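Here the sequence shown is numbered in this note's numbering, starting from -7 and rising by one per residue. For glycine and all other residues, C-beta sits at the position ideal for the given N, C-alpha and C. Values in this document were obtained by computation on a predicted structure and should not be read as measured data. Below: one structure, written as structure tokens.
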Amino acid sequence: MRVFIRHYLIPWLLIPTFWFVLWTLSSQTRKNLNAMNLFVAFLLLFPFLLVALHFVGKALERYSYSRKGIKRLPEIIEKTHGRLYLPKEVFNIVGDALVFWGLFTSALMMTGDPVKGILNGIAIFARIFASFVLLVSMVILVMGFPFSLYELLKGKELNRGFLIELTIRQNLFYTAVLVAVRLIALHSSYPSDSGPVGELMAFGRKTELVKFLLELSGLNFLFGLIGLYHPKKSRKLTALALTLILMAQILLVWRVLTGKF
-7 MRVFIRHYLI PWLLIPTFWF VLWTLSSQTR KNLNAMNLFV AFLLLFPFLL VALHFVGKAL
53 ERYSYSRKGI KRLPEIIEKT HGRLYLPKEV FNIVGDALVF WGLFTSALMM TGDPVKGILN
113 GIAIFARIFA SFVLLVSMVI LVMGFPFSLY ELLKGKELNR GFLIELTIRQ NLFYTAVLVA
173 VRLIALHSSY PSDSGPVGEL MAFGRKTELV KFLLELSGLN FLFGLIGLYH PKKSRKLTAL
233 ALTLILMAQI LLVWRVLTGK F
């Protein structure tokens, strides 16, 4: 247990401590540090940890452990520390959840109103996730395409885990958030110039921007489908198809950068 406590538990506990210190140092959040806001902030920690445990369970399954192994997580980490990537992956999953929790609850501390703070936090994350369709395209450009092209030309199998997780699951999740934001913005009379929620409404009402992100999402999904179900005897044709998809993505991004939607 010594390794788990020293290298994992203590750093995890330091992250909420860091956020608390940050709240006390900032004049904007210090004035809202009361018992009610702190109670709501730490109550919100539980859903973030539950999401983290879900992904920890998936990580355990990738290393041939059962999801029930979460109950023995300290023991598993002790045994695999320094030998497998699993402990670092678990550390990053929980650490990221605590960082996102801190960002979310900071919106609560800045407003001083639990309900408004939670709405602002949701709005901030919804806007971020809706924009992550572009991030998926960037990952495909930098990592997905070069590795896929290399594997195709060398006669190797493409990384199905990467394609399914990024271009299918994550891309569909971000697209669903984008569509939800668009529908809410169009059917809401909430003003576009009032805090994070207003900024989210303004984002959802930008027709050309939403159209651009949806087109990118479609290309991301198509990249994944072709990569997963390409004909085994036509690797050069598959490589050409992936190249054309990438060129279409670059053209879309270029139009945005030059202001030509």
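The beta carbon of E81 is closer than 8 Å to those of A51 in its chain, skipping five residues each way along the sequence.
The beta carbon of L100 sits closer than 7 Å to those of N29, V32, A33, P106, G109, I110 and G113, all from its chain and outside the five residues before and after it, given in chain order. The Cβ-Cβ distance between L214 and I237 falls below 7 Å. Within a 10 Å sphere around the beta-carbon of V134 sit fewer than 16 other beta-carbons, which makes this residue exposed.
Distance from the Cα of S209 is smallest, within the candidate group M130, D185, H73 and W246, for M130. The C-alpha of V86 is placed about 12 Å away from the C-alpha of P39. The C-alpha of A122 is placed about 34 Å away from the C-alpha of H(-1). In the three-state reduction of the DSSP assignment, S186 falls in the coil class. When DSSP states are grouped into helix, strand and coil, Y142 belongs to the helix group. With fewer than 16 other beta carbons inside 10 angstroms of its own, Y77 counts as exposed. In this structure V128 is buried. Its beta-carbon is surrounded by 16 or more other beta-carbon atoms within 10 angstroms. Contact between the segment 220 to 232 and the segment 136 to 146 is established, with three or more Cβ pairs separated by less than 8 Å. Contact check for L36 against T97 passes: the beta carbons are separated by less than 7 Å. Cβ contact annotation for T9 (same chain, cutoff 7 Å, sequence separation greater than five): none. With fewer than 16 other CB atoms across the displayed protein chains lying within 10 angstroms of its CB, W246 is exposed. For the options T167, M193 and A168, the alpha carbon positioned closest to that of H179 is the one of M193.
G219 is positioned such that its CB atom lies no closer than 7 Å to that of L164. Taking a contact as a CB-CB distance under 8 Å, the pair A115 and P188 counts as one, their CB atoms being some 4 Å apart. Where I237 is concerned, the enclosing alpha helix (DSSP H) starts and stops at R227 to L249. As for any alpha helix (DSSP H) of minimum length 4 sitting wholly inside the segment 60 to 98, the runs are 65 to 72, ordered along the chain. The Cβ atoms of A240 and L217 do not sit closer than 7 Å to each other. Here R59 has G49, L52 and E53 as same chain residues with Cβ atoms under 7 Å from its own Cβ, once five neighbours each way along the sequence are excluded. A Cβ-Cβ contact shorter than 7 Å links L170 with L205.
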